[in-house]
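Colleague: Counting from 1 along the sequence shown, just add 1 to a position and that's the residue number in the working numbering.
Below is a structure I'd like to ask you about.
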Amino acid sequence: MTTPPIDPVKLDKLGEVAIKVGLQLAEGQDLIITAPMTAAPLVRRITEHAYKAGAGLVTTIYSDEEATLMRYKYANDASFDRAAGWLYSGMAEAYKNNAARLAISGDNPMMLAGQDPAKVSRANRANSAAYRPALELITGFDINWNIVSYPTLAWAKLVFPNDADDVAVGKLADAIFAASRVDQPDPIAAWKEHNANLKKRWTWLNEKKFASLHYTGPGTDLTVGLADGHRWKGGASEAKNGVTCNPNIPTEEVFTTPHRERVDGYVAATKPLSHNGSLIEEMQGRFENGRLVELKAAKGQDVFNKVLDTDEGARRLGEVALVPHSSPISASGILFFNTLYDENASCHIAQGQCYADCFIDGKSLSQEQIFTQGGNKSLIHIDWMIGSDKVDIDGVHADGTTEPVMRKGEWA
2 MTTPPIDPVK LDKLGEVAIK VGLQLAEGQD LIITAPMTAA PLVRRITEHA YKAGAGLVTT
62 IYSDEEATLM RYKYANDASF DRAAGWLYSG MAEAYKNNAA RLAISGDNPM MLAGQDPAKV
122 SRANRANSAA YRPALELITG FDINWNIVSY PTLAWAKLVF PNDADDVAVG KLADAIFAAS
182 RVDQPDPIAA WKEHNANLKK RWTWLNEKKF ASLHYTGPGT DLTVGLADGH RWKGGASEAK
242 NGVTCNPNIP TEEVFTTPHR ERVDGYVAAT KPLSHNGSLI EEMQGRFENG RLVELKAAKG
302 QDVFNKVLDT DEGARRLGEV ALVPHSSPIS ASGILFFNTL YDENASCHIA QGQCYADCFI
362 DGKSLSQEQI FTQGGNKSLI HIDWMIGSDK VDIDGVHADG TTEPVMRKGE WA
């Protein structure tokens, strides 16, 4: 009997971690899962653990790569300015009634690589607008939510192109299990310890109350002003519904909200960005008064600039995150072509929507108050990586004095 490329015991542990650490699903709480059809084995493990934890109703919405591509091949042009608003309205309604949300990532990151970028951009814009009411309940942290990943064949072959199919899937599965800490004897205890370490980092940053961060490195001299009343967080957090969850599995970052008008200087990306089927490589950006006024890239420049034209907030920052260069994901040396993983290998910034919870008393602030304090609004939220073992970061106090935060990519 051949050994399956995906260890069933570790896959089951990932399902358990998703429910008990990622969501900490409450007794009687409904759960909405979104997943590619190819991730059904993990969906089943998660569903079992959800019901064992007392879930009310578990509903899965599956996507299918081939059906998505049929739209680009055969749909009439007007289709690309539409989205299934009724579906997203239903999801928003469920979240308002305290359903938890779990997304399984695993789609082929290059799925739309061969499609018309204008159609991709239009479809994304329509989708983002329709999804906004549901997304605001997630970014506003009204509910407990979580993202985990499943090693699909299409994704595995992109990461390990020279390996046979089953070997590539096995390698990606092992990398996901290691990053998600389910390769350890007691994953739940391992997550408890990891969350405590992240808390030490963000507690220190909150005590410092830096006005801005200054980044220096090859191709980088960037000052990121921080929003008024910002707060750092990372790892486990309490949602407005009172449930403490780990939104991202894996996670190695501590993060906060930059001030949308106080970012100046130039910055070079340290890793490629995989976005909607395009690989954007060797990005260089220049910011003035918070706005990304110029973006160049060796590859994929037009694609990213189209995304940046989504709305006024797309060229401004919604997140700044610190990750040590020695993080397990960085140490693996793997380019995952998946933001959830690649952002946890490097310090990063995100264009677009900010997180309401990254403000002191953020749970009680209105959208207008958040905007007044410097928080950004946009239909997009796209992370790009700017950290490496050659980048230094200083915290700048309101009086202009500085102190080291990171040296050569490690905590100072």
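A virtual CB, placed ideally from N, CA and C, is assigned to each residue, including glycine.
What residue range does the alpha helix (DSSP H) around residue 44 cover?
Modeller: Residues 41-53.
Colleague: Run through the segment 333-390 for me and flag every whole alpha helix (DSSP H) of 4 or more residues, listed as ranges in chain order.
Modeller: Segments of the alpha helix (DSSP H) lying fully in the segment 333-390: 340-343, 368-373.
Colleague: Hey, how far is the Cα of residue 123 from the Cα of residue 80?
Modeller: If I take the Cα positions, the gap works out to 9 angstroms.
Colleague: Specify the secondary structure class of residue 297 as computed by DSSP and reduced to three states.
Modeller: Residue 297: strand per DSSP, three-state reduction.
Colleague: Determine the contact status of residue 267 and residue 348, defining contact as a CB-CB distance below 9 angstroms.
Modeller: It is not a contact, given that the beta carbons lie outside the stated cut-off.
Colleague: Drop a sphere of 10 angstroms on the beta-carbon of residue 253, count the other beta-carbons inside from all chains shown, and report buried for 16 or more, exposed for fewer.
Modeller: Burial call: buried.
Colleague: Below 8 angstroms on the Cβ atoms is my guess for residue 264 versus residue 226; work out the distance and round it to an integer in Å.
Modeller: Confirmed, Cβ separation roughly 6 angstroms.
Colleague: Is residue 204 helix, strand or coil when you go by DSSP?
Modeller: The answer is helix: DSSP assigns residue 204 an H, G or I state.
Colleague: Measure the Cβ-Cβ separation of residue 200 and residue 236 and say whether it is below 9 angstroms.
Modeller: For residue 200 and residue 236, yes; Cβs fall inside 9 angstroms.
Colleague: So residue 313 packs on residue 291, CB below 8 angstroms; how close in whole Å?
Modeller: Not a contact, Cβ separation roughly 11 angstroms.
Colleague: At the 9 angstroms Cβ level, is residue 241 part of the contact set with chain B, yes or no?
Modeller: Absent from the structure is chain B; it holds one protein chain and no more.
Colleague: How many Å lie between residue 365 and residue 242 at the Cα?
Modeller: Cα to Cα, residue 365 sits roughly 12 angstroms from residue 242.
Colleague: Beta carbon of residue 152, beta carbon of residue 177: below 9 angstroms?
Modeller: Taking 9 angstroms as the Cβ cut-off, residue 152 and residue 177 qualify as a contacting pair.
Colleague: Can you tell me whether DSSP reads residue 125 as helix, strand or coil?
Modeller: Helix at residue 125.
Colleague: Take the Cβ of residue 342 as the centre, count every other Cβ of all protein chains shown within 10 Å, and call the residue buried at 16 or more, exposed below.
Modeller: It is buried - the Cβ of residue 342 has at least 16 other Cβ atoms within 10 Å.
Colleague: Where do the N-terminal and C-terminal ends of the alpha helix (DSSP H) with residue 178 fall, by residue?
Modeller: Here the alpha helix (DSSP H) through residue 178 covers 166-180.
Colleague: Kindly identify the DSSP beta-bridge partner or partners of residue 405.
Modeller: According to DSSP, residue 405 bridges with 395.
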